[in-house]
Every structure is written in C-alpha cells, then in structure tokens.
C-alpha cells in the first residue's frame, strides 16, 4: 500500500469490516478482461460465502479462472468544504485476494446460508429444507491475503 498512514494494521478492525457489512464486489478475470459483480455475502473462518445462480457468466468464468479479488467498503461519509478541492470522503475498506470454489457439501451449504442470513438479519438458526439447499449454488472465497485502508 502506497499510503502506509492509511493502512489498517489492527486485524480486529479488518474482521469488523468483514463481519459488519453485507455487500462485496468481486473482480474476476476472463481472457484478460475484467468482470466485476456485487454480491451479498457472509463471512466466517477466513472465507466469504456467496449464493449464486447455477449458470451464467460468473460461473463460466470461475470454471476457467478461480482467482478473484474482492472489495468491501464500510462507513462512507462525505466531508464537505467551502472549496471543491476541500471535499473528501471518510471511509474504511478492505481489499482481498483468494480463490473461489463451489461448495458441494450440504451441511457446509446450510451453515453458509445461516452465516449469510445472520450477517444480514442479526438472526441465526434458520432452517433450510434439504431439497432447497440442494438447488442452491453456494460459492466460497478462501481468503489468501487482505489489507484494510481508512481515511478520515
């Protein structure tokens, strides 16, 4: 990171950003062409879980290249000024890299769905019918590296 004074070095804050938000943007690369998708997610155990349609461009790209980059922005606030050049933005964000995989195990899919729902509703212990779970395409980004940044 070029601006070291903006780097979040406290890993608890990085975990807070991962745990307190619900939308991430995932960047894929397909035949040297970028592809960015905003998705709902749930964070658990150094991984992001995402549910998806079973077909489409995202799934096609994953089969060809499962390396991804993701971004999550937290606490956005516009800083106003009398002059245009004085305006700014206060924020916290994380950018991470990893590999994305389909989750095939039914119990892991149920756990992932519960994590997503808890992160979105603050309510855990949802129940899911096995046939519904079997129809869900669950994706998992195993995080390999992550950095946080903040600006006040």
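In my numbering, the protein residues as written are 8 to 159.
Beta carbons: idealized from backbone N, C-alpha and C, even for Gly.
Ignore the nearest five residues each way along the sequence and tell me which others in residue 66's own chain have a CB closer than 8 Å to its CB. Cβ neighbours of residue 66 beyond the five flanking positions: 59, 60 and 144.
Classify residue 139 as helix, strand or coil using the three-state DSSP reduction. In this structure, residue 139 counts as helix in the three-state DSSP scheme.
Tell me which same chain residues have a C-beta within less than 6 Å of the C-beta of residue 95, skipping the five on either side of it? Once the five neighbours on either side are set aside, the close Cβ partners of residue 95 are 86.
Could you spell out where the beta strand (DSSP E) holding residue 125 opens and where it closes? Going by DSSP, residue 125 is part of no beta strand (DSSP E) but of the alpha helix (DSSP H) stretching over 113 to 128.
Which first and last residues belong to the alpha helix (DSSP H) in which residue 65 is found? Looking at the DSSP string, the run of the alpha helix (DSSP H) that includes residue 65 is 64 to 71.
So residue 38 packs on residue 97, CB below 8 Å; how close in whole Å? Incorrect: roughly 38 Å between the Cβ atoms, too far for contact.
Could you check where the beta strand (DSSP E) with residue 75 kicks off and where it finishes? Its beta strand (DSSP E) spans residues 74 to 86.
Taking the straight line between their C-alpha atoms, what separation do you get for residue 51 and residue 88? About 40 Å.
Whole angstroms is fine: what's the gap from residue 154's alpha carbon to residue 78's? C-alpha separation (whole angstroms): 10 Å.
Could you have a look at residue 59 and say whether DSSP puts it in helix, strand or coil? Residue 59: strand per DSSP, three-state reduction.
Report the rounded CA-to-CA distance for residue 70 versus residue 33, giving the unit in angstroms. If you take the alpha carbons of residue 70 and residue 33, they lie about 15 Å apart.
Give me the Cβ distance between residue 124 and residue 117, rounded to the nearest whole Å; I'm assuming they're in contact under 8 Å. Your pair residue 124 and residue 117 does not check out as a contact, with CB atoms roughly 11 Å apart and the cut at 8 Å.
In or out: residue 11 buried (at least 16 other Cβ within 10 Å) or exposed? Looking at its Cβ environment, which holds fewer than 16 other Cβ atoms inside 10 Å, residue 11 is exposed.
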